[in-house]
Amino acid sequence: MSTSEDSLITTEVSSERTGRSDRPDETVLAARDLDVYYGDERALASVDVEIPEHKVTAIIGPSGCGKSTFLRCINRMNDQIAVCRVDGDLSFHGKNVYDDDVDPVALRRRVGMVFQKPNPFPKSIYDNVAYGLRIQGFDGDMDARVEEALRGAALWDEVKDQLDSSGLDLSGGQQQRLCIARAIAPDPEVILMDEPTSALDPVAASKIEDLIDELAEQYTVVIVTHNMQQAARISDKTAVFLTGGKLVEFNETAKVFENPDEPRVEEYITGKFG
Amino acid sequence: MSTDTNPGPGITGDAAATDAKQRNKRARQVLFGCAAFTVLTTLAIFFVLIDNAVSYFYGARATEMIFLGVEPQSAVGLIEFLNVRELLAGEARWAPEHATPSHNAWPIIFGTLAITVGAAFVSIPIGTATALYVSEYASPQVRSKLKPTLEVLAGIPTIVYGYFAIAFINPVVLGPIAGLFGINIGRYSMLSGMLVVGIMTIPMVSSISEDAMQAVPDDLRNGAYALGATKYDVSVSVVTPAAISGIFASYILAVSRAIGETMAVTLAAGFNANITANPFSEIMTMTAYMVSMARGTSAIGTIEYQSLFAVGLVLFCMTLVMNLLNDWFKRRFQEEYR
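Same order as they appear, the protein sequences are chains V and Z.
Each residue of the first sequence is one higher than the one before, counting from 2 in this note's numbering.
Each residue of the second sequence is one higher than the one before, counting from 425 in this note's numbering.
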């Protein structure tokens with residue numbers, strides 16, 4: 002990781018947010034005419050989206066609209082599902098991740114993921130964080146990388162004296178931050194988050210939100226959320242999916258929440274359906 | 425509102441409710457009866473085993489001594505039965521029926537341990553690898569064919585495995601190999617027993633281990649895949665450690681089974697009690713001894729006959745130790761998932 006750990010911790014949230022929004026967008030991930038099918042069922046329909054670097058992009062929409070499906074397309078976690086078929090183009094730095102010569106294992110080493118339910122391995126806290134680096138054959142200073150990742154996930158001060166105890170002994174919110182530390186330890190470029198706070202209490206959730214804001218300094222964050230206030234608070238850009246797997250609006254978060262182009266999006270955001 | 429003395433179909437219960445209560449009570453009694461029957465049978469077996477084993481060592485059964493006042497006399501001493509000095513000197517001999525009888529049990533204990541360890545070297549690696557393949561690698565189609573096949577393997581009667589050993593493993597597979605070393609293999613061999621018991625217990629290891637692996641939450645697999653883990657990484661460093669208590673339980677069960685295995689091992693390894701390092705020579709396990717003694721000519725009640733129970737007690741202790749080991753390991757390594 003290039004940034005010093007100090008800047009990660011002392012970041013002044015509001016000012017950094019503005020700073021981030023002022024930066025011109027540089028596209029990291031781009032979907033063009035992306036279709037996803039589960040068997041005969043169409044889960045995503047002709048999605049076009051360009052996700053900017055070092056910003057937080059929120060994906061919102063009602064249940065079953067394809068938010069998570071889209072997220073899992075990015076790091077090809079959908080490969081695990083036998084009946085899932087992907088058409089169209091989803092490029093990471095201009096390279097279609099569904100090309101034949103793309104190795105999903107290599108892709109996932111550059112695109113980390115945090116899941117809805119905290120899923121630490123039944124291993125020590127240290128081994129959880131070190132896992133990604135170990136399988137990638139990292140042979141440098143592991144202790145330093147583990148500390149850096151735990152600091153990056155705002156967990157170091159809470160666990161520095163118990164690195165050998167099981168990750169399962171932590172509270173739910175700590176487990177989720179451990180999973181974030183695990184995801185950032187191998188230093189990916191993009192972090193995908195699939196409703197990372199929905200299984201947590203409000204205090205733990207707000208810690209994760211603060212953390213996401215800091216993470217965007219270094220990483221491109223794409224977050225699926227059910228919580229529209231959360232999307233409004235933490236994201237720079239918002240993509241709204243509505244039923245049928247269609248992306249109906251994608252714009253600056255402020256614009257989407259204050260003055261959406263699509264009447265249906267306004268209805269969804271104001272709670273008329275969904 | 426007027427006071428209603430009849431609360432209607434209320435809370436005191438009518439005939440139907442009483443009936444249901446009676447049925448529930450009877451069901452409870454029947455279920456308890458079955459459970460009690462199982463426990464009592466186990467206790468009875470244990471009691472008969474110890475009672476008779478006592479007569480091997482003291483010339484009279486424990487019940488005879490207590491209720492009929494029969495004086496204990498020394499028959500076979502425990503030191504004679506488990507004489508380590510003879511074992512180390514290479515003179516241990518198990519031949520209770522011989523003209524000059526000898527009651528040192530080490531040769532048949534060795535037979536059982538050799539078969540058990542040898543079988544474990546076959547069943548544990550192959551069974552674990554099979555479980556990993558079925559659980560993690562196989563496509564649903566392959567899995568749907570492989571699992572029933574393994575179940576068939578588990579359902580083959582042990583006598584059939586015994587004939588498989590005597591008709592195929594020993595003469596066809598091991599015979600030529602022994603020939604390379606200039607050894608003339610007989611009808612039975614230790615190695616044949618190890619192999620056949622190992623093969624028999626593969627399904628036990630594989631199916632129980634596979635169940636344990638399947639019980640590992642997919643969340644953990646996805647977490648590892650999302651970090652760029654390969655299937656191999658996930659199998660070895662996530663699934664196996666998370667399922668370790670179940671995998672270990674399968675090993676214990678397979679080893680317990682190998683210790684107690686009788687029919688196949690008798691036909692494969694033979695009836696010649698001796699301690700040897702030659703895998704092509706005939707040996708005798710404790711179970712094989714018990715078979716030959718039970719269907720032999722010794723009169724019931726003689727010391728030779730009562731040796732059955734002493735050997736049975738040793739077998740019982742061995743499997744008991746395995747069970748305790750399993751319990752300890754379970755408590756030590758079982759992971760709690762939320």
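Built from N, CA and C at the ideal position, the CB exists for glycine as well.
Coarse secondary structure for F93 of chain V, derived from DSSP in three states: In the structure shown, F93 of chain V sits in a strand (DSSP, three-state: E or B).
Own chain residues within Cβ distance below 8 Å of A184 of chain V, not counting five before or after: Once the five neighbours on either side are set aside, the close Cβ partners of A184 of chain V are G113, M114, V115, G133, I192.
Interface partners of D657 of chain Z on chain V, CB under 7 Å: What D657 of chain Z touches in chain V: I136.
Within-8 Å CB hit, T700 of chain Z to chain V: No - not a single Cβ of chain V is within 8 Å of the one on T700 of chain Z.
Coil, strand or helix - L651 of chain Z by DSSP: Shown here, L651 of chain Z sits in coil according to DSSP, grouped into three states, outside any helix or strand.
Three-way DSSP call (helix, strand, coil) for C741 of chain Z in this model: Per DSSP, reduced to three states, the secondary structure at C741 of chain Z is helical.
For D36 of chain V, the first and last residue of its enclosing beta strand (DSSP E): First-last of the beta strand (DSSP E) with D36 of chain V: 28 to 39.
8 Å Cβ cutoff, V662 of chain Z in contact with chain A: In the displayed structure, chain A is absent; the protein chains listed are V and Z.
Per-residue DSSP class, three states only, for D195 of chain V: The answer is strand: DSSP assigns D195 of chain V an E or B state.
Contact list for the segment 73 to 107 of chain V against chain Z, Cβ threshold 9 Å: From the segment 73 to 107 of chain V, only N76, M78, D80, Q81, A83, P105, V106, A107 have a Cβ closer than 9 Å to chain Z.
Ranges of the alpha helix (DSSP H) found wholly within the segment 546 to 591 of chain Z, counting only runs of at least 4: Counting whole runs of 4 or more residues, the segment 546 to 591 of chain Z contains the alpha helix (DSSP H) stretches 564 to 579, 582 to 588.
Identity of the residue in Z:S526, Z:G684, Z:E515 nearest G501 of chain Z by Cα: For the residues Z:S526, Z:G684, Z:E515, the minimum Cα distance to G501 of chain Z belongs to Z:S526.
Three CB pairs or more closer than 8 Å across the segment 623 to 638 of chain Z and the segment 69 to 80 of chain V: Contact between the segment 623 to 638 of chain Z and the segment 69 to 80 of chain V is absent, because fewer than three Cβ pairs lie under 8 Å.
Close beta carbons around D80 of chain V, own chain, < 8 Å, minus the five adjacent residues each side: Within the same chain, D80 of chain V has close Cβ partners P105.
Chain-ordered neighbours of A562 of chain Z on chain V, where CB pairs are closer than 9 Å: Under the 9 Å cutoff, chain V gives no residues; its nearest Cβ is about 12 Å from A562 of chain Z.
Backbone CA spacing between P63 of chain V and A673 of chain Z [nearest angstrom]: Those two C-alpha atoms are separated by around 45 Å.
Alpha helix (DSSP H) segments (min. 4 residues) lying fully within the segment 149 to 191 of chain V: Those alpha helix (DSSP H) runs which fall completely within the segment 149 to 191 of chain V and span 4+ residues are 157 to 160, 173 to 185.
Y656 of chain Z burial status per 10 Å Cβ neighbour count (16 or more: buried): Exposed is the call here.
Through-space distance from A444 of chain Z to L455 of chain Z, alpha-carbon basis: Looking at the two C-alpha atoms, the distance is approximately 16 Å.
Beta-carbon neighbours of F116 of chain V, restricted to chain Z and to distances below 7 Å: For a Cβ distance threshold of 7 Å, residue set D643, N646, G647 of chain Z lies close to F116 of chain V, ordered along the chain.
Residue-chain proximity (F242 of chain V, chain Z), Cβ-Cβ < 8 Å: Cβ-Cβ to chain Z under 8 Å: no for F242 of chain V.
Unbroken stretches of the alpha helix (DSSP H), 4 residues or longer, contained in the segment 492 to 546 of chain Z: Whole alpha helix (DSSP H) segments, 4+ residues: 502 to 505, 508 to 513.
Residue span of the beta strand (DSSP E) that contains S47 of chain V, given as start and end: Counting along the chain, the beta strand (DSSP E) containing S47 of chain V begins and ends at 42 to 53.
Buried versus exposed call for I262 of chain V [16 or more other C-beta atoms within 10 Å across all chains shown]: Position check: residue 262 of chain V holds Asp in this sequence, whereas Ile was assumed. Classified as exposed, D262 of chain V has fewer than 16 neighbouring CB atoms from the shown chains inside 10 Å of its CB.
From Z:R485, Z:M618, Z:I548, Z:T700, residue whose alpha carbon lies closest to that of I632 of chain Z: Closest option to I632 of chain Z, Cα to Cα, is Z:I548.
Buried or exposed (CB count within 10 angstroms, at least 16 for buried), N476 of chain Z: Burial call: buried.
CB contact check: P264 of chain V to chain Z, cutoff 8 Å: Not an interface residue.
Straight-line gap, S236 of chain V to S563 of chain Z (C-alpha atoms, nearest Å): Each residue's Cα considered, the two are about 40 Å apart.
Separation of M194 of chain V from K238 of chain V, as counted between CA atoms: K238 of chain V and M194 of chain V: Cα-Cα distance of roughly 15 Å.
Cβ separation of V663 of chain Z and R645 of chain Z, assumed to be a contact under 8 Å, to the nearest whole Å: Right, their Cβ atoms sit about 7 Å apart.
Which residues DSSP lists as bridging F242 of chain V, in chain order: The bridge partners DSSP lists for F242 of chain V are V:L248.
I270 of chain V, enclosing alpha helix (DSSP H) - first and last residue: For I270 of chain V, the enclosing alpha helix (DSSP H) starts and ends at 264 to 270.
T709 of chain Z - containing beta strand (DSSP E), residue span: Run containing T709 of chain Z: none; DSSP gives neither H nor E here.
T654 of chain Z at chain V interface by Cβ criterion, 8 Å: Judged by the 8 Å Cβ criterion, T654 of chain Z is in contact with chain V.
Closer than 8 Å to chain V by CB, P531 of chain Z: When Cβ-Cβ separations below 8 Å define contact, P531 of chain Z makes no contact with chain V.
CB contact flag (E685 of chain Z, Y612 of chain Z, <8 Å): Contact: no.
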